[in-house]
Structures are given as structure tokens and as C-alpha cells.
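Trainee:
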Amino acid sequence: MINDKNISSDQIASALKQAKNQIKEEQKAWAKSQATEREIQSALQTPPPEARSVLSYKDEAPDPEKTLLGDRWLCVGQGALAVGPTGIGKSTSSMQQDICWSIGREAFGIKTSKPQRILVIQAENDSGDLHEMIKGIILGLGLSEEEERLCGQNLIIACEQERTGLGFIHGVLRPLLEKHRPDIVRIDPLMAFAGCDLTQAAEAAKFLRNWINPLLKSFNCGAIIVHHTPKNNNRDTSQYRASDWAYAGSGSADIVNWARAMLVIDPSKEDGNFRFIAAKRGSRIGWKSSTGENELKRWFKHSSGGICWEEAEEPLGGSSQYTEDNLYDLMPFRVCMPKDAFIETAKAAAGIPKSRANSLLSKLLFNGRLVEDKLPRSGTNPQKIIRRPETAPLPNAIVDKTPKKQTKLVRRKAIVVDVTARDSEEASSYIELIEDKAV
42 MINDKNISSD QIASALKQAK NQIKEEQKAW AKSQATEREI QSALQTPPPE
92 ARSVLSYKDE APDPEKTLLG DRWLCVGQGA LAVGPTGIGK STSSMQQDIC
142 WSIGREAFGI KTSKPQRILV IQAENDSGDL HEMIKGIILG LGLSEEEERL
192 CGQNLIIACE QERTGLGFIH GVLRPLLEKH RPDIVRIDPL MAFAGCDLTQ
242 AAEAAKFLRN WINPLLKSFN CGAIIVHHTP KNNNRDTSQY RASDWAYAGS
292 GSADIVNWAR AMLVIDPSKE DGNFRFIAAK RGSRIGWKSS TGENELKRWF
342 KHSSGGICWE EAEEPLGGSS QYTEDNLYDL MPFRVCMPKD AFIETAKAAA
392 GIPKSRANSL LSKLLFNGRL VEDKLPRSGT NPQKIIRRPE TAPLPNAIVD
442 KTPKKQTKLV RRKAIVVDVT ARDSEEASSY IELIEDKAV
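Shown next, in the form of C-alpha cells:
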């Protein structure tokens, strides 16, 4: 009881407010300490990971049954990110991938190890959107009745727009995994279900590492999580390498650090054309040039015939303005040049981006205008050496003089042509004819 008559009512109110705030802070601190105690107790109940000899990994080959997509691009117990701006058709591209993979088909150049059982948990499309999307994709892909039946068995969709955080984990994800036992679960999008500040590494790690990872291991499946780029993203990406795109998604860097693999969709200046970039584990996604070199980007576009995606050419005005002749002219006479140095020269002397230079070089090698030898090196792979056909090879270089059996895939809209020729000259003329006909 306060007896001092000189204390005003405002002072009393202020003191009470201060006391209340102090009590709240103490309650928060107590709750935090309790949560920390529970986290410690939970951690103590789980045994530490097994520590093994380094040589045990050398002798243990990867289990092929653990591969879900690509060349171990996505594996059981791990996750991938699909990242892109809002409103570009991420959900449609995701659905097209899932429909293809559910029937054992390749999608966007990514092969599946088998017809996958796929669970989609999504928050952004209502039943009308899903109807239009799925009908358009099935028509665009030209699925047979048998393929539709298999897709219906293997691909299921759950719509959830309310629960986030632990409510999503224990009320949505875990029960659906328990019931359907999928090979792959797609969560679309991350921000709709995380229920935390994803710009904070600790919060992102809690959702992805502490909550998602144990479920993937418990239910023996992989995850693909759809994620957005930051809004109003005006950064200059003209000089980006594929690895630079790994941090294209919004939020903490630990989001991409968590992911085993990452695919980014980047809109071009030409409406409807998009660059797909294998930003993480790109060499395992399975994209190859005509000469078997790894590629880290592909071009796709919205179909003019409906709601689906199809393969596209790189838009004119971009790096496609550079031609085979531009690169060929940079190869000096009577000189043998390491491939890496040649690609760097193309960038420095003519401004040809590395990805475009590699693509052009593949065509020049395929057509026989340039030659690639291999120079043995001790303790490592041979060095690739580029030269003109009339230039003598280096003394120790391995020269392959036998005609190679070349395979070229030419895709235009829904047409896929597999051309196998006896030699590069025959393949070149045949491909040219098909491309002229398909355009």
C-alpha cells in the first residue's frame, strides 16, 4: 500500500506498467530456458552419429536405390530447391515435372530412376487453378490412357492454407507421409508453411534441418521445396555463373546450404522464354551437350497451345547473337590451346559468355571444324586441347582418328528426334534438315 500523498497517479501507473513489463520479460526468459531444456533433453535421447573410417566410404559404392532424379541429383533423405519469381508459372512447371516423373518420363531434361510416388502439398492454387493446370499439361504432354492411369495412382495433391511451423509439421506433413509413403514430397511454397522468419539462419535451420530432415529420413523419401526470389529484384545477373544463382532465393543463406540440389527459373527479356539454371549439383542434373559435355542451363517457354511448358531456343539478342564463326575465328593457326584457356579467351577477347562458348565449341567439334585431343597428365585426368584440323597435334597428345558415332537430340515444340549417324558429316546435314523442317 502506497501512503506517500506526493506520488501522482501517473507515477503509480508508470511504476505498475514497468513492473508488468519486467514480469513479462521474466516469463519470456523462463519460457526460453524451458524450451532450451526440452531441446537439450530431446537431443540427449538421440544417439550421436556413427563415426567411420574414411576408407569405409572409399569402399562403399553409392546405393542406386537411393537415387530419385538425375545422376544422384536428388537422393532419398535429402532435399532440392526450385526457385523463381512469382507469377512465372513455377507451379505449372512443378506440376509438369511431377506428372512426368510419376509415370517414369524425363521432365525438363531431368531423368527419373523409376515412376515415382509423389505427394504435393501446396497452398497457392485452388481447385479451379489445378483443374486448368493439370488438364493443360496432360493434353500438352499427350499422355496415353495407361500413362494417365499410372499418374493417377502415383501423384496425389493436398491443399493446405492454414497451418504453419509445428502445426504444419505435425498436423499436415507427418500424417500425409505416414499415410501415403511417397518417394518424393513437394512443398509449394516454403514461405507458406515455414511459419518463421526465414531471413534468420537459426529459424530456417530449425524448420529445414530440425523438422524436415528427420521426416525425410524416417519415411525414406526426398523433398523438392518451391521457393520465391526476393521481390523487386533488379540486380545485374549478366555476368552470373551457375553457382552465383545458388543464392537467388529470398531469406537466409542456410536455405540453399540445406539443399542438396537447386534449380532456378530466370525470366528473359523475351516474354514467355525462361532460362532454367542448375545452380547446385548442376553436373548431376543430367543436361548434356551434343558431345557429352555437362550443361548447366536450358531454355524453356510457355506453350502457345495450352497451360504447359516446352523446350525453347535461347532468345536472339542474348548470348545467342554469337555464332560458331565468331568462336572459330578466335582459334589461332598452328596453335594447340587448352580448352579452358580457349573459353577464357573467347570471354576476354570477344565477350562470349562461357556457357555460350562451350555450346558453340560443342557444335564446332561435332561438325569437325575444330578438334579436341587429350594430353595425359600424371595423377589426374587428361587435359583437353583444342586445335584446327590442319594444325599438328602436340607430341604426347592422344588423337582419336576413328569416326565417332554421334547422337543428337533435336527438340522443337512436342517433336523429339533422336538422330544416330555413322559420322559427324552425315549427322550434321541430317540435323540441319530436321531443324529447318521443325522450325
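All the letters of the sequence shown, read from the start, carry residue numbers 42 to 480 under the numbering used here.
No residue lacks a Cβ here, since even glycine has one placed at the ideal position from N, Cα and C.
Count the CB pairs spanning the stretch 159 to 169 and the stretch 207 to 221 that are closer than 8 Å, and state whether there are at least three.
Mentor: At 8 Å Cβ cutoff, the stretches touch.
Trainee: Does DSSP put Ile48 in a helix, in a strand, or in coil?
Mentor: Numbered from 1 along the sequence shown, position 7 holds the residue referred to as residue 48. Here Ile48 sits in coil by DSSP.
Trainee: Would you mind listing the beta strand (DSSP E) stretches within the stretch 57 to 145 that are 3+ residues and don't spill past its ends, in chain order?
Mentor: Listed in chain order, they are 108 to 110, 120 to 125.
Trainee: Output the distance between the C-alpha atoms of Arg397 and Ile129, rounded to the nearest integer angstrom.
Mentor: Your numbering for residue 397 matches position 356 in the sequence shown. Your numbering for residue 129 matches position 88 in the sequence shown. Spanning the two alpha carbons is a distance of roughly 24 Å.
Trainee: Check for me: the alpha helix (DSSP H) holding Ile265 runs from which residue to which?
Mentor: Against the sequence shown, residue 265 aligns to sequence position 224. Where Ile265 is concerned, there is no enclosing alpha helix (DSSP H), although the beta strand (DSSP E) it sits in stretches over 263 to 269.
Trainee: Indicate the three-state DSSP secondary structure (helix, strand or coil) for Phe374 in the structure shown.
Mentor: For the purposes of this step, residue 374 is taken as the residue at position 333 of the sequence shown. The answer is coil: DSSP assigns Phe374 none of H, G, I, E or B.
Trainee: Kindly give me the distance between the Cβ atoms of Ala245 and Ser293, rounded to whole angstroms, as I take these residues to be in contact under 8 Å.
Mentor: Against the sequence shown, residue 245 aligns to sequence position 204. Against the sequence shown, residue 293 aligns to sequence position 252. 4 Å between Cβ atoms; contact.
Trainee: Pick out whichever of Cys262, Asp307, Asp295, Glu355 has its Cα sitting closest to the Cα of Leu110.
Mentor: Here residue 110 is taken as the residue at index 69 of the sequence shown, counted from 1. With distances taken between Cα atoms, Leu110 lies closest to Cys262.
Trainee: At the level of alpha carbons, what is the spacing between Arg146 and Lys69?
Mentor: In the sequence shown, counting from the first residue as 1, residue 146 sits at position 105. In the sequence shown, counting from the first residue as 1, residue 69 sits at position 28. So the alpha carbons of these two residues sit roughly 53 Å apart.
Trainee: What residue from Arg325, Gly177, Leu122 has the CA that sits closest to Ser345's CA?
Mentor: Taking the sequence shown and counting its residues from 1, the one referred to as residue 345 is at position 304. Among Arg325, Gly177, Leu122, the Cα nearest to that of Ser345 belongs to Gly177.
Trainee: Pick helix, strand or coil for Ala342, following the three-state DSSP scheme.
Mentor: Position 301 of the sequence shown holds residue 342. In the sequence as presented, Ala is not what sits at residue 342; that position holds Lys. Strand.
Trainee: Got a sec? Which residues, its chain only, sit under 6 Å from Ala455 by beta carbon, not counting five neighbours each side?
Mentor: Working through the sequence shown from its first residue, we reach residue 455 at position 414. Per-residue confidence for Ala455 stands at a pLDDT of 33, beneath the threshold of 50, marking its modelled position as unreliable; the derived number appears in the next sentence. Result list for Ala455: empty, nothing under 6 Å.
Trainee: When you compare only the Cα positions, how much space is there between Arg325 and Lys380?
Mentor: Working through the sequence shown from its first residue, we reach residue 325 at position 284. Working through the sequence shown from its first residue, we reach residue 380 at position 339. About 22 Å.
Trainee: Within a Cβ cutoff of 7 Å, which residues of the same chain sit near Val117, ignoring the five residues on either side of it in sequence?
Mentor: Numbered from its first residue, the sequence shown carries residue 117 at position 76. Cβ within range, chain order: Lys107, Leu109, Asn261, Cys262, Gly263.
Trainee: Is it buried or exposed, Val297, if we count other Cβ atoms within 10 angstroms and call 16 or more buried?
Mentor: In the sequence shown, residue 297 corresponds to position 256, counting from 1. Buried: at least 16 other Cβ atoms inside 10 Å.
Trainee: For the beta strand (DSSP E) containing Lys388, name the first residue and the last one.
Mentor: As a first step, residue 388 is located in the sequence shown; it is residue number 347 there, counting from the start. Here Lys388 belongs to no beta strand (DSSP E); instead the alpha helix (DSSP H) covers 380 to 391.
Trainee: Mapping the DSSP letters down to three states, classify Ile53 as helix, strand or coil.
Mentor: Here the question's residue 53 lines up with position 12 in the sequence shown. Three-state result, Ile53: helix.
Trainee: What's the C-alpha gap between Arg322 and Ile64?
Mentor: Start at 1 with the first residue of the sequence shown, and residue 322 comes out as number 281. Start at 1 with the first residue of the sequence shown, and residue 64 comes out as number 23. Each residue's alpha carbon lies about 51 Å from the other.
Trainee: Residues in the same chain with beta-carbon distance under 6 Å from Leu115, minus the five sequence neighbours each way, listed in chain order, please.
Mentor: Along the sequence shown, one-based indexing puts residue 115 at 74. Within the same chain, Leu115 has close Cβ partners Leu109, Ala121, Gly263, Ala302.
Trainee: If we require 4 or more residues per run, which alpha helix (DSSP H) segments fall completely within the stretch 395 to 426?
Mentor: As far as the stretch 395 to 426 is concerned, its whole alpha helix (DSSP H) runs of at least 4 residues are 395 to 407.
Trainee: Please confirm whether any heavy atom of the ligand SAH lies closer than 6 Å to the CB of Arg397.
Mentor: Absent from the structure shown: the ligand SAH. Ligands present: none.
Trainee: Can you give the beta carbon distance from Glu413 to Lys395, rounded, assuming they're within the 8 Å contact cut?
Mentor: As a first step, residue 413 is located in the sequence shown; it is residue number 372 there, counting from the start. As a first step, residue 395 is located in the sequence shown; it is residue number 354 there, counting from the start. Actually they do not touch by this definition, with Cβ atoms about 17 Å apart.
Trainee: Pull up the distance between the alpha-carbon of Ser55 and that of Lys61, whole angstroms please.
Mentor: One-based indexing of the sequence shown puts residue 55 at position 14. One-based indexing of the sequence shown puts residue 61 at position 20. Looking at the two C-alpha atoms, the distance is approximately 10 Å.
Trainee: Within 10 angstroms of the Cβ of Thr153, are there 16 or more other Cβ atoms? Answer buried if so, exposed if not.
Mentor: Here residue 153 is taken as the residue at index 112 of the sequence shown, counted from 1. Counting Cβ neighbours within 10 Å, Thr153 comes out buried, since at least 16 surround it.
Trainee: What did DSSP end up calling Trp328 once you bin it into helix, strand or coil?
Mentor: Within the sequence shown, residue 328 is the residue found at index 287, counting from 1. Three-state DSSP puts Trp328 in coil, outside helix and strand.
Trainee: Under three-state DSSP, which class holds Arg190?
Mentor: What you label residue 190 is simply residue 149 of the sequence shown in a count that begins at 1. Reduced to three states, the DSSP call for Arg190 is helix.
Trainee: Tell me whether Pro223 is buried or exposed, calling it buried when 16 or more other Cβ atoms sit within 10 Å of its Cβ.
Mentor: On the sequence shown, position 182 is the one that residue 223 refers to. So Pro223 counts as buried.
Trainee: Bridge partners for Asp229 per DSSP, in chain order?
Mentor: On the sequence shown, position 188 is the one that residue 229 refers to. In DSSP, Asp229 forms a bridge with Gln163.
Trainee: May I ask you to report which of helix, strand or coil DSSP gives Asp307?
Mentor: Here the question's residue 307 lines up with position 266 in the sequence shown. Strand.
Trainee: Report yes or no: do the stretch 177 to 196 and the stretch 337 to 352 share at least 3 C-beta pairs separated by less than 8 Å?
Mentor: Flag = yes, the stretch 177 to 196 and the stretch 337 to 352 touch.
Trainee: Since Ile140 and Leu217 are thought to touch, with beta carbons under 8 Å apart, how far apart are those beta carbons, to the nearest angstrom?
Mentor: Here residue 140 refers to the residue found at position 99 when the sequence shown is read from its first residue. Here residue 217 refers to the residue found at position 176 when the sequence shown is read from its first residue. Not a contact, Cβ separation roughly 19 Å.
Trainee: Taking all protein chains shown into account, decide if Phe374 is buried (16 or more other Cβ within 10 angstroms of its Cβ) or exposed.
Mentor: The residue labelled residue 374 in the question sits at position 333 within the sequence shown. Classification for Phe374: exposed.
Trainee: Should Thr205 be labelled buried (16 or more other beta-carbon atoms within 10 Å of its own) or exposed?
Mentor: Start at 1 with the first residue of the sequence shown, and residue 205 comes out as number 164. Label assigned to Thr205: buried.
Trainee: Just grab the DSSP bridge partners of Leu196 for me.
Mentor: As a first step, residue 196 is located in the sequence shown; it is residue number 155 there, counting from the start. Beta-bridge pairing links Leu196 to Ile159.
Trainee: Once DSSP output is grouped into helix, strand and coil, what is the label at Lys437?
Mentor: Against the sequence shown, residue 437 aligns to sequence position 396. The identity of residue 437 in the sequence shown is Asn, whereas the question assumes Lys. Three-state result, Asn437: coil.
Trainee: Tell me which same chain residues have a C-beta within less than 7 Å of the C-beta of Ser135, skipping the five on either side of it?
Mentor: Taking the first residue of the sequence shown as position 1, residue 135 is located at position 94. Here the set comprises Ala123, Arg227, Asp229, Val267.
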